[in-house]
Amino acid sequence: MPPRTVTFRAATAAAVIALGATLLAASPQAGAAAAEPAPVTDYCQGQCDDILPPGENGNATLVEILGNKAFGTHPAHSDDQLDRYNGLVAGHTGLTDQKLTEFFNDASFGVPKDQVESVTSPRDDVTITRDKASGVPHIKGTTRYGTEFGAGFAAGQDRLWLMDLFRHIGRGELTSFAGGALANQGLEQQFWPQAPYTEADLEAQVEYIRTHEGARGEQAMADAQAYVDGINAYRDKSKNGRYFPGEYVLTGKIDAITNVGEIQPFKLTDLISIASVVGGQFGGGGGGEVTAALSLLAAQQKYGVAEGTRVWESFRQREDPEAVLTVHDGTSFPYAGKPDKARGTALPDSGSVTAEPLIHDRTGSAGTDRKTPVKAPAALKKAQGIYDDGVIPEGSLPGSGSGAQRRGMSNALLVSGEHTASGNPIAVFGPQTGYFAPQLMMLQELQGPGISARGVSFAGVGMYIQMGRGQDYAWSATSAAQDITDTYAVDLCEPDGSTPTKDSTHYLYRGTCTAMETLERTNSWTPTVADSTAKGSYRMQVRRTNYGIVTHRATVGGKPVAYTSLRSTYRHEADSIIGFQMLNDPSCVTDAVSFQQAASHIDYAFNWFYADSRTAAFYNSGMNPVRAADVDPALPVRAERAYEWQGYDPAANTAAYTPFAEHPHSSGQDYYISWNNKQAKGYAAAGFGLSAVHRGDLLDQRVSKLVEQGGVTRASLTRAMAEAAVTDLRGEQLLPELLKVIRSQPVTDPELNAAVQQLESWRAAGSQRRESSPGSHAYTHADAVRIMDAWWPKLVEAEFRPGLGDDLYGALTAGLATDESPAASHGPSGAHSGSAFQYGWWGFVDKDLRQVLGRPVKGPLARTYCGGGDASACRDALLASLKQAVAEPATAVYPGDDDCKAGEQWCTDSIVHRPLGGIAQKAIHWQNRPTYQQVVEFPAHR
2 MPPRTVTFRA
12 ATAAAVIALG
22 ATLLAASPQA
32 GAAAAEPAPV
42 TDYCQGQCDD
52 ILPPGENGNA
62 TLVEILGNKA
72 FGTHPAHSDD
82 QLDRYNGLVA
92 GHTGLTDQKL
102 TEFFNDASFG
112 VPKDQVESVT
122 SPRDDVTITR
132 DKASGVPHIK
142 GTTRYGTEFG
152 AGFAAGQDRL
162 WLMDLFRHIG
172 RGELTSFAGG
182 ALANQGLEQQ
192 FWPQAPYTEA
202 DLEAQVEYIR
212 THEGARGEQA
222 MADAQAYVDG
232 INAYRDKSKN
242 GRYFPGEYVL
252 TGKIDAITNV
262 GEIQPFKLTD
272 LISIASVVGG
282 QFGGGGGGEV
292 TAALSLLAAQ
302 QKYGVAEGTR
312 VWESFRQRED
322 PEAVLTVHDG
332 TSFPYAGKPD
342 KARGTALPDS
352 GSVTAEPLIH
362 DRTGSAGTDR
372 KTPVKAPAAL
382 KKAQGIYDDG
392 VIPEGSLPGS
402 GSGAQRRGMS
412 NALLVSGEHT
422 ASGNPIAVFG
432 PQTGYFAPQL
442 MMLQELQGPG
452 ISARGVSFAG
462 VGMYIQMGRG
472 QDYAWSATSA
482 AQDITDTYAV
492 DLCEPDGSTP
502 TKDSTHYLYR
512 GTCTAMETLE
522 RTNSWTPTVA
532 DSTAKGSYRM
542 QVRRTNYGIV
552 THRATVGGKP
562 VAYTSLRSTY
572 RHEADSIIGF
582 QMLNDPSCVT
592 DAVSFQQAAS
602 HIDYAFNWFY
612 ADSRTAAFYN
622 SGMNPVRAAD
632 VDPALPVRAE
642 RAYEWQGYDP
652 AANTAAYTPF
662 AEHPHSSGQD
672 YYISWNNKQA
682 KGYAAAGFGL
692 SAVHRGDLLD
702 QRVSKLVEQG
712 GVTRASLTRA
722 MAEAAVTDLR
732 GEQLLPELLK
742 VIRSQPVTDP
752 ELNAAVQQLE
762 SWRAAGSQRR
772 ESSPGSHAYT
782 HADAVRIMDA
792 WWPKLVEAEF
802 RPGLGDDLYG
812 ALTAGLATDE
822 SPAASHGPSG
832 AHSGSAFQYG
842 WWGFVDKDLR
852 QVLGRPVKGP
862 LARTYCGGGD
872 ASACRDALLA
882 SLKQAVAEPA
892 TAVYPGDDDC
902 KAGEQWCTDS
912 IVHRPLGGIA
922 QKAIHWQNRP
932 TYQQVVEFPA
942 HR
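Plus 1 on top of the position in the sequence shown (first one is 1) and you've got this note's numbering.
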């Protein structure tokens with residue numbers, strides 16, 4: 002049992018035993034009913050709001066899909082939150098508390114009688130009431146089983162096709178299920194190697210929770226089974242009633258005329274598979290040590306070992322003293338820092354690294370985008386080819402797409418009561434999970450024995466609310482991305498004692514030559530109405546060791562090794578269910594302290610935020626492994642027992658984990674902000690980019706100003722978020738320094754001077770990317786925005802490439818992209834994704850320019866790069882790159898795509914809800930904002 006779990010149970014054993022007995026008693030035989038539960042008191046008193054565009058309804062029948070394609074019609078409640086979400090761009094400047102519900106849903110518990118749209122009772126012990134305003138399911142059960150069954154049934158009603166997609170993505174079977182489109186091939190090739198499992202592995206994870214987490218673990222698996230039963234009940238009813246999602250017809254699963262075909266039953270292991278996709282993409286952290294090692298080698302080759310290491314460390318910025326912090330009171334939480342003298346580091350020999358091959362035995366269209374459309378019935382013509390670009394277009398899902406980085410997203414703004422008008426804490430927070438139709442999450446309210454909450458859950462794992470509100474408290478999360486993934490260099494061997502090569506399939510494990518385990522998926526596809534991709538197949542293969550999954554091969558000191566990736570949450574994809582169960586339990590969460598204890602049971606790397614009527618609080622969760630002394634977590638390490646995680650047992654991938662007190666946490670600080678920035682002093686960055694300028698500064702500066710003024714309201718805090726959501730980080734934080742260098746002498750070129758004046762005007766107006774008027778689809782400072790979009794990548798290259806050289810510059814940009822503007826479809830977020838300005842060279846440019854200007858810099862770069870440190874030469878380089886940018890036409894800056902014509906600036910920035918099914922949505926104004934968002938202020942407490 003992991004030490005983290007032991008520590009918690011030692012402190013709360015009595016409470017858990019008593020609570021577990023209560024919950025288990027609330028699980029009657031199927032069909033049994035219990036007494037009506039006591040009425041739930043809503044302590045938010047109308048001051049809780051939320052929003053999740055485009056709409057709650059994510060299922061569409063074949064007729065509805067065809068109607069959408071032919072006439073643009075939408076099923077009820079599939080798009081009724083879109084305009085309200087979009088409206089905040091123009092509406093935030095005049096926002097008041099009274100106007101919040103013009104842009105958000107009323108998130109009160111229950112549904113007033115005059116607002117009931119429908120009531121469904123799939124069993125005698127549960128009702129699903131949907132409201133007229135948004136169609137959100139309010140699930141109320143008289144038994145625990147009935148409540149969870151209702152949650153599964155409602156998930157089937159709202160997200161059946163989406164859940165089916167994601168269980169197949171998690172299992173590495175997307176192309177066989179939905180078609181062989183090139184994007185589908187790419188998606189399963191990126192996701193499955195991160196969490197490859199056999200069915201026995203998935204079953205073992207279910208059993209691990211049931212047997213290692215006490216009464217709560219048993220209850221969690223009982224809840225999960227009830228949830229699956231509910232999904233399957235809806236699956237059967239919709240199939241027999243012929244109102245199942247139309248995508249099953251379009252992909253050839255069910256015949257539209259005869260109804261012959263099947264929607265495969267869901268099972269508990271599907272939930273583990275879905276959890277691996279969701280948790281791995283939004284709650285992972287660390288990894289990438291091979292890429293880091295290559296950039297370190299490039300620095301050492303250019304400057305020598307000592308100076309090269311110093312230069313590399315200044316870019317790596319593990320502990321930048323200028324980075325914006327969530328815990329800003331000076332409290333330190335040391336973790337994963339750089340050791341004074343590292344042991345066991347395993348840098349590859351130069352030029353020896355090769356990626357482990359994944360794809361084998363390609364046939365037909367595998368690896369291509371070749372199409373052979375089927376002859377579709379006339380009635381289905383309008384929907385033909387809806388998945389020709391994949392069920393999820395390349396780059397749309399966080400962490401997917403060519404060259405993508407795992408994106409930590411989401412933001413949070415909280416102000417403690419001493420600085421608010423009411424004296425109660427206020428929170429505006431939510432996760433950024435991309436934009437899809439339907440969304441990956443669904444809104445719901447759950448009321449039953451031991452459960453009382455409203456909020457969102459990821460479809461397919463919605464037994465509990467994952468972010469939302471309880472009776473007198475609310476909570477949310479941002480991706481934390483601390484280092485919970487390490488890279489090991491395993492020595493290769495041959496079982497007969499012969500000389501190993503880089504291709505050897507055995508490795509040394511604690512002195513024994515051990516065979517790597519081979520995991521495989523063979524997928525094949527044929528064209529359908531939905532996906533015209535020609536017939537094809539391939540086999541995916543990964544090698545698994547006791548130190549994780551093989552990602553690369555290399556030599557270290559001339560000897561062959563395999564680099565492996567070991568994630569602490571591997572084989573524990575759904576263990577976090579215990580923490581979510583606790584967050585939904587009003588008897589478990591009664592204040593900030595109990596909230597933090599509940600959040601500590603969530604194993605993925607998240608920053609958790611909490612607000613009730615008395616306290617705002619924060620806790621950073623994650624299975625943080627305790628590393629061997631003096632091991633450098635930023636680089637590959639030798640796979641020897643001396644360098645393993647402390648207490649490491651590969652059988653179930655368990656180890657010693659840092660205790661509760663060593664995780665960043667805080668309660669009652671004046672305010673909190675988070676936008677995937679650094680959590681606290683000492684908590685080392687797991688990758689490049691947590692530097693002097695970060696998008697978190699857009700929030701921090703606004704919220705700190707509000708706190709200084711006092712009298713913060715829900716509306717004023719929402720305005721701060723909304724203003725940051727349309728602000729260009731480069732314009733607000735970096736343009737002043739760029740202009741300072743450029744204006745150090747008169748700009749004599751009239752064209753350049755005019756461009757500089759446009760940039761100055763834009764900066765003076767707030768550096769916003771915002772329409773001149775609602776619906777104009779043209780920015781107020783369109784030319785300045787175009788110039789900045791064209792200039793930024795050019796100025797970064799002009800500033801750094803000459804000094805770093807081609808090899809080192811290329812290696813560093815491989816670890817951290819230079820740009821992530823809304824228009825940077827080449828960046829890690831992909832196009833039309835909303836989230837922007839997380840990854841980029843903002844901090845490097847800021848420090849370098851301040852060094853050129855002679856200003857103070859804490860944690861400076863090891864060298865000054867712009868103009869070789871000469872201010873005049875730096876100015877010349879910036880002006881030369883600006884001249885190139887000014888000359889670049891809008892059609893080149895915004896080259897166009899499937900959604901926009903070349904040169905359409907607003908459209909290029911716009912948010913597009915990528916259709917995961919047959920229903921498409923209109924584009925909306927760019928906002929760098931949570932997908933699901935709450936605005937909460939509790940005036941009372943139990």
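Note that beta-carbon positions come from the ideal geometry of N, C-alpha and C, so glycine has one too.
Just so we're clear, the structure is a prediction, and the values are computed from it rather than from any experiment.
(1) If you draw a straight line from the alpha carbon of histidine 942 to that of tyrosine 474, how long is it in whole angstroms?
(2) For aspartate 256, is the classification buried or exposed, using 16 other Cβ atoms within 10 angstroms of its Cβ as the cut-off for buried?
(3) Which partner residues of glutamine 935 appear in the DSSP bridge assignment?
(4) Would you mind stating whether tyrosine 249 and isoleucine 264 have Cβ atoms separated by less than 8 Å?
(5) Of the choices Leu883, Gln302, Arg545 and Thr102, whose alpha-carbon is the least far from that of alanine 516?
(6) With 16 other CB atoms within 10 Å as the buried threshold, where does asparagine 260 fall?
(7) Taking 8 Å as the threshold (C-beta atoms), are glycine 804 and asparagine 929 in contact?
(8) Hey, out of Ser417, Tyr304, Gly767 and Gly776, whose CA is closest to valine 708's CA?
(9) Assign alanine 347 to one of three DSSP states: helix, strand, or coil.
(10) Would you report the Cα separation of methionine 541 and alanine 531, rounded to the nearest angstrom?
(11) Should the stretch 929-938 be regarded as contacting the stretch 416-432, the criterion being three or more beta carbon pairs within less than 8 Å?
(12) On the DSSP bridge assignment, give the partners of glycine 262 in chain order.
(13) Kindly confirm or deny that the stretch 746-762 and the stretch 876-887 touch, where touching means at least three C-beta pairs closer than 8 Å.
(14) With DSSP run on the structure shown, which of helix, strand or coil describes glycine 151?
(15) Which same chain residues end up closer than 7 Å to alanine 874 when comparing Cβ atoms and leaving out the 5 residues on each side of it in sequence?
(16) Reducing DSSP to helix, strand and coil, say where glutamine 158 ends up.
(17) Counting only the same chain and skipping the five closest in sequence on each side, list residues whose C-beta sits under 6 Å from that of alanine 785.
(18) At the level of alpha carbons, what is the spacing between leucine 809 and proline 861?
(19) Going by CA-CA distance only, name the one from Val853, His695 and Lys859 that's closest to threonine 865.
(20) By DSSP, does glutamine 445 sit in helix, in strand, or in coil?
(21) What residue range does the alpha helix (DSSP H) around arginine 217 cover?
(22) Can you tell me whether alanine 307 is buried or exposed, with buried defined as 16 or more other CB within 10 angstroms of its CB?
(23) In whole angstroms, what is the alpha-carbon distance linking phenylalanine 72 and isoleucine 170?
(24) Please state the DSSP three-state secondary structure of glutamine 769.
(25) Tell me, which residues are paired with serine 480 by DSSP?
(26) To the nearest angstrom, how far is the alpha carbon of histidine 664 from that of tyrosine 658?
(27) So, using beta-carbon positions, are glycine 463 and tyrosine 146 closer together than 8 Å?
(28) Taking C-beta to C-beta, are tyrosine 933 and aspartate 51 nearer than 8 Å?
(29) Short of 6 Å in beta carbon distance, which residues of its chain neighbour glycine 461, apart from the five on each side in sequence? Order them along the chain.
(30) Tell me, please, which residues DSSP counts as bridged to glutamate 518.
(31) Which residues does DSSP pair with valine 704 in a beta bridge?
(32) So, is histidine 78 buried or exposed, given that buried needs 16 or more other C-beta atoms within 10 angstroms?
(33) I'd like to know whether the C-beta atoms of leucine 735 and valine 694 end up nearer to each other than 8 Å.
(34) If you follow the beta strand (DSSP E) that lysine 560 is part of, which residue opens it and which one closes it?
(35) Taking glycine 690 as the reference, which of Ala903, Gln186 and Gln483 has the closest Cα?
(36) Would you mind reading off the limits of the beta strand (DSSP E) that contains aspartate 487?
Checking against the coordinates, here is how it stands:
(1) 8 Å
(2) exposed
(3) Asp51 and Phe430
(4) yes
(5) Arg545
(6) exposed
(7) no
(8) Ser417
(9) coil
(10) 24 Å
(11) yes
(12) Ile255
(13) yes
(14) helix
(15) Correct list, in chain order: Gly868.
(16) helix
(17) Gln759, Leu760 and Trp763
(18) 18 Å
(19) Val853
(20) strand
(21) 215-242
(22) exposed
(23) Cα to Cα, the separation comes out at about 31 Å.
(24) strand
(25) DSSP output for serine 480 lists Phe607 as bridge partner(s).
(26) 10 Å
(27) In this structure, tyrosine 146 does not lie closer than 8 Å to glycine 463 by Cβ.
(28) yes
(29) So the qualifying residues of the chain are Met164, Phe167 and Ile275.
(30) Arg545
(31) For valine 704, which the question treats as bridged, DSSP gives no partner whatsoever.
(32) buried
(33) yes
(34) 560-568
(35) Gln483
(36) 486-494 is the extent of the beta strand (DSSP E) around aspartate 487.
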